[in-house]
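Residue 95 is where the sequence shown starts when you use the working numbering, and the numbers rise one by one after that. In this text, a Cβ means the ideal position worked out from N, Cα and C, and glycines have one as well. Since the structure is predicted, the reported quantities are computational estimates derived from the model, not experimental observations. These notes concern the structure reproduced below.
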Amino acid sequence: MSNDGNTIMRMIHYPPLDESMPEGAVRSAAHEDINFITLLVTATADGLEVMDHDGTWIQVKGDQDAIIVDSGDMLQNLTNGLFKSTTHRVVNPKDANTRRYSMPMFVHPRNEIDLTPTPISLP
């Protein structure tokens, strides 16, 4: 996947907030990742939430010995929606003075990989 592909690792810094931040503001609005999968080691502070199938936001509690795997748009397309893109966001912390660092790895297949949707039938 990573040889000759567009896989990237990114370091994201969410700085402490100031008092002008409106109530209910988020650090990163709800979105899905365009890539195949996203690998995410636990961030330095809470804030990551994923949307359940019924639209409920669920807080992701990180484990320093685990890697979070999010399915992206490419995987959703390839599997004809069997694996849905993970809708997620980063909410503001209760303590506005908290910095948050996150290091996602956005995995893309090599350019020559065919991502035509696969016919899938479930039993």
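Does the Cβ-Cβ distance between residue i and residue j come in under 8 Å?
i, j, result
"arginine 121", "phenylalanine 200", "no"
"proline 211", "leucine 169", "no"
"proline 213", "leucine 134", "no"
"alanine 139", "arginine 183", "no"
"threonine 136", "glycine 156", "yes"
"asparagine 191", "proline 110", "yes"
"serine 196", "isoleucine 128", "no"
"asparagine 174", "methionine 115", "no"
Can you tell me whether residue i is helix, strand or coil according to DSSP?
i, result
"glutamine 153", "strand"
"leucine 133", "strand"
"aspartate 167", "helix"
"leucine 111", "coil"
"leucine 142", "strand"
Below 8 Å CB to CB, which residues in the same chain sit around residue i once its five sequence neighbours on both sides are set aside?
i, result
"serine 96", "Because serine 96 carries a pLDDT of 48, less than 50, the predicted location of this residue cannot be relied on, and no value is offered for it."
"alanine 160", "Thr136"
For residue i, which residues from the same chain have a beta carbon less than 7 Å from its beta carbon, with the 5 sequence-adjacent residues on both sides left out?
i, result
"isoleucine 228", "Missing from the structure shown is residue 228; the chain here goes from 95 to 217 and no further."
"lysine 178", "Ser165, Gln170"
"leucine 142", "Val154, His182, Val184"
"tryptophan 151", "Glu143, Met145"
Bridge partners of residue i, per DSSP?
i, result
"isoleucine 214", "Isoleucine 214 is not bridged to any residue."
"histidine 147", "Beta-bridge pairing links histidine 147 to no other residue."
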